[in-house]
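A.B. asks:
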Amino acid sequence: MTKEEVMRMLVDAQAEERAQMQAQHVSHPTTATNTTTQAIRQEMELEVSSSRAVEGEKDQALENIAEQIRQLQAKIEGRKIGLARGHPFSHEILCADLPTNFKEVSLTYSGSSDPSRHLPCFENMSVLLGNSDAVSCRAFLATMRGGAQD
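So that you can map any letter, position 102 of the sequence shown is 102 in full-length UniProt numbering, and since no number is skipped, the others follow by simple counting.
1. In terms of residue numbering, what span does the alpha helix (DSSP H) encompassing Ala-134 cover?
2. Is it buried or exposed for Thr-143, if we count other Cβ within 10 angstroms and need 16 for buried?
3. Determine the direct distance from the alpha carbon of Leu-72 to that of Arg-117, and round the result to whole angstroms.
4. If you check the beta carbons only, do Asn-131 and Lys-103 fall under 9 angstroms apart?
5. Can you tell me whether Ala-139 is buried or exposed, with buried defined as 16 or more other CB within 10 angstroms of its CB?
6. Output the distance between the C-alpha atoms of Gly-146 and Val-105, rounded to the nearest integer angstrom.
7. Please name the residue, chosen from Ala-148, Met-9, Glu-4 and Ile-69, that lies closest to Ser-112 on a Cα-to-Cα basis.
8. Find the nearest neighbour of Leu-107 within the set Ser-126, Ile-65 and Gln-22, judged by alpha-carbon distance.
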């Protein structure tokens, strides 16, 4: 409820109170009107206070959403930068640490034969060497030679 609506309610309530008092011929209309006005003011103050609390919650929710959007945009930009540098891998794969006992798979693929034969051989060798999936993904590019790198 807006401030204008609350003020309009107050004016309407005061006018209604005056009309009722005149109809009933009350001997002390000022006292009754003051009491009613005070009650309405208290009610308005409670509504304004409640409205401010709701607005604060809305502001916080909007700020949370804006922060999530900023984080997602940064994530998207990070991916664009990675792709622009020729890295189609996720951040997790690109940042995977190579173990101290890392052994490279000694296979090569030039693109002249069927890739569906190279991939299972690479996977088997990588498993035998104990490489994690992330390390295997990074190491796979090192097996490409010649036209296979394009």
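Note that CB positions come from ideal geometry on N, CA and C, so glycine has one too. No experiment lies behind these values; they were computed from the predicted model shown.
C.D. replies: Taking the structure as given:
1. Along the sequence shown, read from residue 1 onward, the residue named residue 134 stands at position 134. Going by DSSP, Ala-134 is part of the alpha helix (DSSP H) stretching over 133-140.
2. Counting from one through the sequence shown, the residue named residue 143 turns up at place 143. Buried is the call here.
3. Position 117 of the sequence shown, counting from 1, holds the residue named residue 117. Position 72 of the sequence shown, counting from 1, holds the residue named residue 72. Distance between the alpha carbons of Arg-117 and Leu-72 is about 38 angstroms.
4. On the sequence shown, position 131 is the one that residue 131 refers to. On the sequence shown, position 103 is the one that residue 103 refers to. In this structure, Asn-131 sits near Lys-103, with a CB-CB distance shorter than 9 angstroms.
5. For this step, residue 139 is matched to residue 139 along the sequence shown. Looking at its Cβ environment, which holds 16 or more other Cβ atoms inside 10 Å, Ala-139 is buried.
6. Taking the first residue of the sequence shown as position 1, residue 146 is located at position 146. Taking the first residue of the sequence shown as position 1, residue 105 is located at position 105. Computed Cα separation, rounded: 17 angstroms.
7. The residue you call residue 112 lines up with position 112 of the sequence shown. Of Ala-148, Met-9, Glu-4 and Ile-69, the residue nearest in Cα terms is Ala-148.
8. Your numbering for residue 107 matches position 107 in the sequence shown. Proximity to Leu-107 across Ser-126, Ile-65 and Gln-22 peaks at Ser-126, based on C-alpha coordinates.
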